[in-house]
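J.: The structure follows.
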Amino acid sequence: MANIKKILSLLFLFVLFISVVACNKDVVKENGVEKEVKIEDAEKLFKDYSTELYTIKDSSNPPTFDEIAEKIKVYLTEEQYNAEIANRKFQIPELVSKQINKSIEVQDVKLEEQSKNDDGTIDYLYTTKFKVYDENSSKIYEKEGELTITTTNNELKIDRDWSRGVKIDGLEQGGL
Numbered sequence: 002m003a004n005i006k007k008i009l010s011l012l013f014l015f016v017l018f019i020s021v022v023a024c025n026k027d028v029v030k031e032n033g034v035e036k037e038v039k040i041e042d043a044e045k046l047f048k049d050y051s052t053e054l055y056t057i058k059d060s061s062n063p064p065t066f067d068e069i070a071e072k073i074k075v076y077l078t079e080e081q082y083n084a085e086i087a088n089r090k091f092q093i094p095e096l097v098s099k100q101i102n103k104s105i106e107v108q109d110v111k112l113e114e115q116s117k118n119d120d121g122t123i124d125y126l127y128t129t130k131f132k133v134y135d136e137n138s139s140k141i142y143e144k145e146g147e148l149t150i151t152t153t154n155n156e157l158k159i160d161r162d163w164s165r166g167v168k169i170d171g172l173e174q175g176g177l
């Protein structure tokens with residue numbers, strides 16, 4: 002009889018554990034209401050943002066700061082957008098591409114969740130892979146950073162993007 006009680010207790014704990022794990026999902030809060038965030042949706046948002054920011058197809062005619070800023074606006078909170086404008090972040094890919102006379106293309110992004118915050122945001126570590134190339138050569142670079150995602154008006158937005166720069170061959174200083 003004691004063995005049956007132990008088995009039932011273990012079975013109950015196992016079912017409880019599986020239930021807790023199955024219900025674990027990423028959520029953000031907007032106006033106090035939790036909204037589920039799938040890692041795939043966060044990665045898509047960040048990949049689309051990175052692609053718009055870093056893609057330079059023609060190094061002799063890259064998109065301007067204003068053109069990139071306009072495309073990027075939809076991915077960022079207003080505060081993050083203004084911070085990136087002030088830091089002239091949108092100008093970096095253009096300057097890099099012109100200086101080394103190569104095109105830039107985002108190959109992939111990977112997010113790894115770090116924390117769900119009390120304010121409803123979710124922090125991630127990220128890795129972005131870039132291909133820097135011309136007709137004679139190409140090289141893949143990886144850039145690592147941190148990202149915070151929030152929900153604004155029922156849309157996922159990037160609330161913070163901080164990265165470690167990556168040194169690009171051919172640049173005397175700076176990088177992406």
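Going from the sequence shown to our numbering is simple: count from 1 and add 1.
Using N, Cα and C, we set each Cβ at its ideal position, and we do this for glycine too.
(1) Does the stretch 112–119 come close enough to the stretch 69–84 that 3 or more CB-CB pairs lie under 8 Å?
(2) How long is the line joining the alpha carbons of E147 and L96, rounded to whole angstroms?
(3) Give the DSSP-derived three-state secondary structure of D160 in the structure shown.
(4) Cα separation between I169 and E145?
(5) To which residues of the same chain is V22 closer than 7 Å at the C-beta, ignoring the five residues directly before and after it?
(6) Using the rule of at least 16 other Cβ atoms within 10 Å of the residue's Cβ for burial, across every protein chain shown, is I57 buried or exposed?
(7) Out of I105, E71, I159 and I150, which has the shortest C-alpha to C-alpha gap to K130?
(8) Can you give the Cα-Cα distance for R161 and V38, rounded to whole angstroms?
(9) Just the Cα atoms here: how many angstroms apart are L77 and Y125?
(10) Given this structure, state the Cα-to-Cα distance separating T149 from P94, to the nearest angstrom.
(11) Would you mind working out which of S51, S60, D59 and S61 sits nearest A70, comparing C-alpha positions?
(12) Leaving out the 5 sequence neighbours to the left and right, which residues in its chain are closer than 7 Å to D67 when beta-carbon positions are compared?
(13) Would you kindly work out how many angstroms separate the C-alpha atoms of E41 and I73, rounded to a whole number?
(14) Please go through the same chain and pick out, in chain order, the residues whose beta-carbon is closer than 7 Å to the beta-carbon of K103, but skip the five residues on each side of it.
(15) Whole angstroms are fine: how far does the CA of G121 sit from the CA of K90?
T.: Checking against the coordinates, here is how it stands:
(1) no
(2) 23 Å
(3) strand
(4) 14 Å
(5) The pLDDT assigned to V22 is 36, lower than 50, so where the model puts this residue is not dependable, and the model offers no usable value.
(6) buried
(7) I105
(8) 17 Å
(9) 15 Å
(10) T149 and P94 have their alpha carbons spaced roughly 22 Å apart.
(11) The residue with the shortest Cα to Cα distance from A70 is S51.
(12) No residues qualify anywhere along the chain.
(13) Separation of E41 and I73 (C-alpha to C-alpha, rounded to the nearest whole angstrom) is 19 Å.
(14) S60, V133, Y134 and D135
(15) 26 Å
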